[in-house]
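Okay, structure first, notes after.
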Amino acid sequence: MKQVVISSLALSLLGACASTPQQPAAPKPFELTIAHINDHHSHLAPSELTFDWAGQAWQVEAGGFPRMTAMIDQIRQNNQNVLTLHAGDAITGSVFFKRLGSAADARFMNDTCFDAFTIGNHEFDTGDVGLKTFLDQLGTTRCNTVKLSANIEPEIGVSPLTPQTATDSFQPYTIIQRNGQSLGLVGLTIAQRTMQTSHPDKTTRLTDELAAAQRSVAALQAQGIEKIILLTHVQYQNDIDFAGKLPGVDVIIGGDSHTLLGDFSAFGIDADGAYPTQVTNAEGDPVCIAHAYKYSQVVGELHVTFDGDRVASCSGRPHYVIGSDVQPKAGAVTTVQPVLDALDQSGVFTRIEPDTQQQAWLDTYQQQIDAFANEVLAKVPQRICTQPIGTPRRAECGQQQSSGLQRLIAESFLAAAPDADFAIQNGDGSRGDIEPGTFTVGDAYKLLPYGNTLMTIEISGSELKQVLEEALNFAVTGDDNIGAYPYGANIQYSINLQQGFGDRISDIKVWDDEQQTWKAVRPRDTYRVVTNSYIAGGQSGYKTFLTLSDRGRAHNTGIDYAQAFADYVRQFDQLKRPTQFATQEFVPVKE
2 MKQVVISSLA LSLLGACAST PQQPAAPKPF ELTIAHINDH HSHLAPSELT FDWAGQAWQV
62 EAGGFPRMTA MIDQIRQNNQ NVLTLHAGDA ITGSVFFKRL GSAADARFMN DTCFDAFTIG
122 NHEFDTGDVG LKTFLDQLGT TRCNTVKLSA NIEPEIGVSP LTPQTATDSF QPYTIIQRNG
182 QSLGLVGLTI AQRTMQTSHP DKTTRLTDEL AAAQRSVAAL QAQGIEKIIL LTHVQYQNDI
242 DFAGKLPGVD VIIGGDSHTL LGDFSAFGID ADGAYPTQVT NAEGDPVCIA HAYKYSQVVG
302 ELHVTFDGDR VASCSGRPHY VIGSDVQPKA GAVTTVQPVL DALDQSGVFT RIEPDTQQQA
362 WLDTYQQQID AFANEVLAKV PQRICTQPIG TPRRAECGQQ QSSGLQRLIA ESFLAAAPDA
422 DFAIQNGDGS RGDIEPGTFT VGDAYKLLPY GNTLMTIEIS GSELKQVLEE ALNFAVTGDD
482 NIGAYPYGAN IQYSINLQQG FGDRISDIKV WDDEQQTWKA VRPRDTYRVV TNSYIAGGQS
542 GYKTFLTLSD RGRAHNTGID YAQAFADYVR QFDQLKRPTQ FATQEFVPVK E
């Protein structure tokens, strides 16, 4: 009887199982936090931020790598499943890099500890060998930073980046684990901009970014990875465009365009979009896009919730990291508490103290830099403007000639290479204006921040005309190319934009020092031009310069272009060259 009872019970249970099959438990949502920066450009020290609030201008110390690190540490402490990313252009752009190379940036980055880093265009400013040095410095046994780019292709066995295989120094994508979840990260580097504004070796190619992304996404999906993040250095608008063309992409953390996202309108600061920016991918699924401005000012905090392998939601905020010593720009205010409250409640500013260890390092480095950078070279009575031809005249520049600053820089090239007949400088070859007041060595290096040296090139009159035609054509045919416009010293020429390519430049003349007069350039005569290594390498449309370099007619002087400018300003009253701008713009310092 007992046996029958058990059998009946078993049959009953089997029948119940058959009629009500168990459903698999729904996967729990996966929450990921991404702390990210981009384009810090060797700006290790903080700077002064001016903002408007309640009808008044205020100033506060902002940014600096130690303050960013403190913010990232706080994000890690307050969240689980944190990924820390850097979207490129870590090096070049400040006097720290000029004097210390990439070692200081790598030291700070290793201490912060980024899970992944995408190579930016300015990482190539000192060639493949300079990038190799930096990538070797980046990462420690404690912090294994993965270096990424899916569309950089150095020649294997030729470039120091790839002595044996394509992944010796970096890789196209990686897979990172968080709480049992596999996350695929793909790196992208802006191709044309890198070739035009930096110095990858001639045998190093940068391929189409979108095609490279498609290959890497497909490779990840073939391995069953469906949570996919692009870590890009291709500019904000390209991120938006690429998102709509790619399947499977969930998140894009980007850089290169120095894009500020978030609502800063209450403080008189314009931003470029919402943080995060939400679009859809090629399959119609959500994609979350985030950028974090520039120069060690902002840390992005992005929260992404996945429902399975699909983004269910994303949120977050930028942290524009600042100190607490907020002061009015002018005038006296009895209390600053209301503005402090406004900053704290803004959702975009965060008051935070710098990381103590990194601040100690920075103080030591700053002492080395200050001794070099604080030398006063000259007094500047009035602003000297970068005023590109073809752009609206800025009121603060008054009636100055178009981009007198570039002509001044060209004059300094001639002073450093006195055997040259004339100099050419591209319109966007410097950063910002020269402000009234004292002008220091540090200011010269901020004005000319990248890794360029002076090059002299032997050139015929007909080749010179071709160079000028190329540069002018590049300047007038693209939306963002006006900076290619050629400015010069000891050279003058006429332009007629009503003509077609090849016929726009005429009446080219070069100054003859011996006879103290202008002389027409003759097609078959040979001249020597001094320029910066950027356009000497064919960038910004100066293709014939590159051709002449390839033919052995170029010589790298090894003179840093910022140092040449500093030396020129230091002895400005001793220079007697004719000029196309007012020489009184610099007043020598009197002992």
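Just add 1 to the spot in the sequence shown (first one is 1) and you have the working numbering.
Built from N, CA and C at the ideal position, the CB exists for glycine as well.
Taking Cβ to Cβ, would you say Ala-291 is nearer than 8 Å to Leu-303?
yes
Compute the distance between the beta-carbons of Gly-64 and Thr-119, then report whether it is under 8 Å.
no
Could you pull out every residue in the same chain whose Cβ sits closer than 8 Å to the Cβ of Pro-524, ignoring the five residues on either side in sequence?
Ser-461, Gly-462, Ser-463 and Lys-466
At a cut-off of 7 Å, would you count Ala-411 as near the ligand FAD, judging by its Cβ distance to the nearest heavy atom?
The model on display carries no ligand, and the ligand FAD is accordingly not part of it.
Considering Arg-179, what are the terminal residues of the beta strand (DSSP E) in which it resides?
174 to 179
Expressed to the nearest angstrom, what Euclidean distance is found between the alpha-carbon atoms of Cys-289 and Gly-185?
15 Å
Same chain, Cβ closer than 7 Å to Gln-572, five either side skipped, listed in chain order
none
If you run the structure through DSSP and keep just helix, strand and coil, what is Tyr-44?
Reading off the sequence, residue 44 comes out as His, not Tyr. Coil, per DSSP.
Assuming Asp-328 and Gln-540 form a contact by the criterion Cβ under 8 Å, report the distance between their Cβ atoms to the nearest whole angstrom.
This sequence places Gln at residue 328; Asp is not what is there. In fact, because the Cβ distance is near 42 Å, the residues do not count as touching under 8 Å.
From this set, Arg-529, Asn-453, Arg-311 and Ala-333, which residue's C-alpha is nearest Ala-490's C-alpha?
Arg-529
For a test of the three-state rule: what should DSSP assign to Thr-387, helix, strand or coil?
coil
Reduced DSSP secondary structure (H/G/I, E/B, other) of Gln-575
Residue placement at Gln-575 is poorly supported in this model, since its pLDDT is 32, which falls under 50; the coordinates are not used for a value here.
Sequence-distant residues of the same chain with beta carbon closer than 7 Å to Phe-582, five excluded per side
With a pLDDT of 35 at Phe-582, under the threshold of 50, the modelled position of that residue is not reliable, and the figure given next carries that caveat. Gln-402, Gly-405, Arg-408 and Leu-409.
Terminal residues of the beta strand (DSSP E) in which Ser-507 lies:
506 to 513
One question on the structure: do Asp-240 and Ile-253 come within less than 8 Å of each other, judged by their Cβ atoms?
yes
Helix, strand or coil for Asn-152, going by three-state DSSP, please let me know.
coil
Give me whichever residues DSSP pairs with Glu-49 in a beta bridge.
Glu-62
Can you tell which of Lys-228, Gly-538 and Ser-316 has its C-alpha closest to the C-alpha of Asp-310?
Lys-228
What are the residues that DSSP puts in a beta bridge with Arg-529?
Glu-459
DSSP bridge partner residues for Asn-427 (one or two, in chain order)
Pro-487
Contact belief for Leu-207 with Ala-220 at Cβ below 8 Å, rounded distance in angstroms:
Contact doesn't hold; Cβ gap of about 19 Å is too wide.
Measure the C-alpha to C-alpha separation of Leu-86 and Pro-437 and round it to an integer number of angstroms.
39 Å
Alpha carbon to alpha carbon, what distance is there between Thr-93 and Tyr-494?
34 Å
Which residues mark the beginning and the end of the alpha helix (DSSP H) in which Asn-557 is found?
Not the alpha helix (DSSP H): Asn-557 falls in the beta strand (DSSP E), residues 555 to 561.
Unbroken alpha helix (DSSP H) run spanning Gly-443, endpoints:
442 to 448
Quick one, are the C-beta atoms of Leu-341 and Phe-440 less than 8 Å apart?
no
Nearest-angstrom beta carbon gap, Ala-117 and Thr-163 [assumed within contact, 8 Å]
That pair is no contact at about 19 Å.
Is the beta carbon of Ile-509 sitting closer than 8 Å to the one on Glu-470?
no
So, at 8 Å on beta carbons, what are the nonlocal neighbours of Lys-330 in its own chain, with the 5 sequence-adjacent residues on each side left out?
Thr-51, Gln-57, Ala-58, Trp-59 and Gln-60
Suppose the cutoff is 6 Å on Cβ atoms and the five residues either side in sequence are ignored; what does the same chain contact list for Thr-457 look like?
Ala-418, Ala-421, Arg-529, Val-531 and His-556
For Asn-80, which of Val-300, Glu-32, Pro-67 and Ala-396 has the nearest alpha-carbon?
Glu-32
Would you list the one or two residues that DSSP bridges to Phe-118?
His-87 and Lys-148
I need the straight-line Cα distance from Leu-632 to Val-159, nearest angstrom please.
Residue 632 is absent from the model: the chain starts at 2 and stops at 592.
Please name the residue, chosen from Ala-563, Ser-347, Ala-445 and Val-235, that lies closest to Ala-151 on a Cα-to-Cα basis.
Val-235
Consult DSSP for Leu-136 and reduce its assignment to one of helix, strand or coil.
helix
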